[in-house]
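In UniProt numbering, the protein residues as written are 1 to 576.
Scroll down for the structure; my scribbles are underneath it.
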């Protein structure tokens, strides 16, 4: 979720507009001086990374026919499975939980498995790896090593033949692998594994509505739809994170009906009546609403994050809103309306504090995660306008009879920018307000998503700090408080991953180079201050920019073009 490793960079190709950042590329050297990357490559080959970084393990293939079915102690295995069923499955119900629970029981009783035993053991090891990253009973500094031990075993067990048609079990396992890889620095593997899951699903025809419609068993029909939409969900998320084109076309993603909002235990093996009991909210409602939300996200990426922006707009309307949307695209106003309609249709048990009325912490967890996702998508909706508004001083296409600041599109852009900054504050406030004091995960999304959301929101705060018109409504003390909370959140995750430390370093450098340089442009600071990246005042009050911050980190970095706002459209995947 948070980025590729250094050694993979040359083999990975491009990163698109929702991720790529020329500014981040310039400061990566400075970040490395603050927080060295644990994955520094030594090869400059453009042909790709070493084979050991691929999906298959680099270990020598065992000649024995006996597979490596090593399991942790029963108590540890039960605890890890409980973490998965409590924190992962309610958010990503991508598997047949009834079958998997039954197989898990058979595993310990010695009964013969009803599934492909090798694939089953591979799946369990991936689940153990994913649970290790989220288990409160494992110290944060030990989670990565524990998870990697299980994932390495899973890679050994995955007997994947590129030339054969896959199976539903394989696709489910690959989706779980992609989920786990989001928590690591193996961005390239996450990208490839998600693609493998999608291609195998398409080879089984799961992308066609008639495939699931022909299945007579209601349980199999719903599973087929869950698996396909799991591929769609991961495709949308990975596309957003890396700024790359999604693999699944919009029409294909929406052609298969969404899974029924009925829990698995209420779906019969025969018949047509699939009904959730009255008064019992469905766990699957969260999945359906997430799929709808990420369909809007996909529209935002297709419509507003154009890889070929108009470099010579005819007037201020074109500058902010483009001459015309892409084929099948939507305007920002249509997309905002879609988000509003989506939020109005949320079931009551997913509406924040009302979830507690159902006496189920799981529903409250779902509601907090869904709100975090919604705010992040809304922030991405308004961010391109904020980016342009910060550079609007260079617009040379305004009406000669109307002051630029009084023009209708400029006023709309200002309000969109203010909304973007306020949403960023909401994101930070939501996460900061739900972090338990005891260090547990609480009802928040997985920590790697929290890092992504907070980093993105913090860059928006920096951009908002550049614009006096925004500060007239979103006060500087309010932004300072949110900034403090953002850095506090990221520092709490220092022991979880190098990614959090590098994000903090990047934010400090971004502030020092962008805000200070912006101030020097406005106030005509001495050229020496501009060259050293320093300023006469902090700009965020007395907030500390980090322990031992040193402006000497910027030595060797060319003076940045203040009008280049590409850093705002970046995500942490650029920091590694």
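We treat Cβ as the ideally placed atom computed from N, Cα and C, and that holds for glycine.
1. Would you kindly check if the distance between the Cβ of residue 369 and the Cβ of residue 421 is under 8 Å?
2. By the DSSP assignment, the alpha helix (DSSP H) with residue 152 in it spans what residues?
3. Are at least three pairs of beta-carbons, each pair with one atom in the stretch 449-456 and one in the stretch 370-388, less than 8 Å apart?
4. Are at least three pairs of beta-carbons, each pair with one atom in the stretch 142-155 and one in the stretch 97-109, less than 8 Å apart?
5. Which residue wins for smallest C-alpha separation from residue 216, given the options 504, 272 and 234?
6. Would residue 145 pass as a contact of residue 129 if the rule is Cβ separation under 8 Å?
7. Look at the Cβ atom of residue 305, then the Cβ atom of residue 384, and state whether they are nearer than 8 Å.
8. At which residues does the alpha helix (DSSP H) containing residue 185 begin and terminate?
9. With 16 as the cutoff for other CB atoms within 10 Å, does residue 250 come out buried or exposed?
10. Cutting at 6 Å between CB atoms, please list the residues of its own chain near residue 62, excluding the five before and the five after it.
11. So, with DSSP's three-state summary, where would you put residue 503?
12. Answer yes if the stretch 482-491 comes into contact with the stretch 430-441, meaning at least three C-beta pairs across the two stretches below 8 Å, and no otherwise.
13. According to DSSP, simplified to helix, strand and coil, what is residue 568?
14. Using the rule of at least 16 other Cβ atoms within 10 Å of the residue's Cβ for burial, across every protein chain shown, is residue 87 buried or exposed?
15. By Cβ distance, which residues of its chain are closer than 7 Å to residue 120, with the 5 residues on each side in sequence left out?
16. With a cut-off of 8 Å, do at least 3 Cβ pairs link the stretch 243-260 to the stretch 193-213?
17. Answer with buried or exposed for residue 526, where buried requires no fewer than 16 other C-beta atoms within 10 angstroms of its C-beta.
18. Please identify the residue among 376, 378 and 407 whose C-alpha is closest to the C-alpha of residue 389.
19. What does the alpha-carbon distance come out to for the pair residue 495 and residue 268?
20. What do you reckon, are the CB atoms on residue 233 and residue 294 nearer than 8 Å?
21. Once DSSP output is grouped into helix, strand and coil, what is the label at residue 467?
22. Which residue marks the beginning of the alpha helix (DSSP H) containing residue 254, and which one marks its end?
23. Determine the burial state of residue 472: buried for a count of at least 16 other Cβ atoms within 10 Å of its Cβ, exposed for fewer.
24. Contact defined as beta carbons within less than 8 Å: I believe residue 417 pairs with residue 467. What is the distance between those atoms, to the nearest angstrom?
25. For residue 279, count neighbouring C-beta atoms within 10 Å of its own C-beta (all shown protein chains included) and say buried if the count is 16 or more, exposed if not.
26. Find the nearest neighbour of residue 228 within the set 259, 436 and 91, judged by alpha-carbon distance.
27. Should residue 443 go down as buried or exposed, given a rule of 16 or more other Cβ atoms within 10 Å for buried?
28. Helix, strand or coil for residue 383, going by three-state DSSP, please let me know.
29. Please name the residue in 493, 97, 485 and 462 whose C-alpha comes closest to that of residue 509.
30. Classify residue 241 as buried or exposed, calling it buried when 16 or more other Cβ atoms lie within 10 Å of its own Cβ.
31. Can you give me the start and stop residues for the alpha helix (DSSP H) that residue 80 sits inside?
32. Assign residue 333 to buried or exposed, taking buried as 16 or more other Cβ atoms, counted over all protein chains shown, within 10 Å of its Cβ.
33. Taking only the alpha-carbon atoms, compute the straight-line gap between residue 298 and residue 236 and give it to the nearest angstrom.
34. Looking only at C-alpha atoms, which of 138, 381 and 92 sits nearest to residue 337?
35. Would the beta-carbon of residue 173 fall within 8 Å of that of residue 238?
36. If you drop the 5 nearest sequence neighbours on each side, which residues of the same chain put their C-beta closer than 7 Å to that of residue 346?
Based on what the coordinates show:
1. Cβ distance not < 8 Å, so residue 421 and residue 369 don't count as in contact.
2. 140-157
3. yes
4. no
5. 272
6. no
7. yes
8. Unbroken run through residue 185: none, as it is neither H nor E.
9. Answer is exposed; the Cβ neighbour count stays below 16.
10. Any reading at residue 62 must be qualified, since the residue scores a pLDDT of 42, below 50, and its modelled position is unreliable; no value is offered.
11. helix
12. yes
13. Judged by DSSP in its simplified three-state form, residue 568 adopts helix.
14. buried
15. 103 and 113
16. yes
17. Any reading at residue 526 needs caution, since the residue's pLDDT is 37, under 50, leaving its predicted position unreliable; the model's value is listed next. Residue 526 comes out exposed.
18. 407
19. Taking the straight line from one Cα to the other gives about 46 Å.
20. A contact, by the Cβ cut-off of 8 Å.
21. coil
22. 250-255
23. exposed
24. 7 Å
25. The Cβ neighbour count for residue 279, taken over all protein chains shown within 10 Å, is under 16; the residue is labelled exposed.
26. 259
27. buried
28. helix
29. 462
30. Burial call: buried.
31. 74-83
32. exposed
33. Distance between the alpha carbons of residue 298 and residue 236: 6 Å.
34. 381
35. no
36. 289
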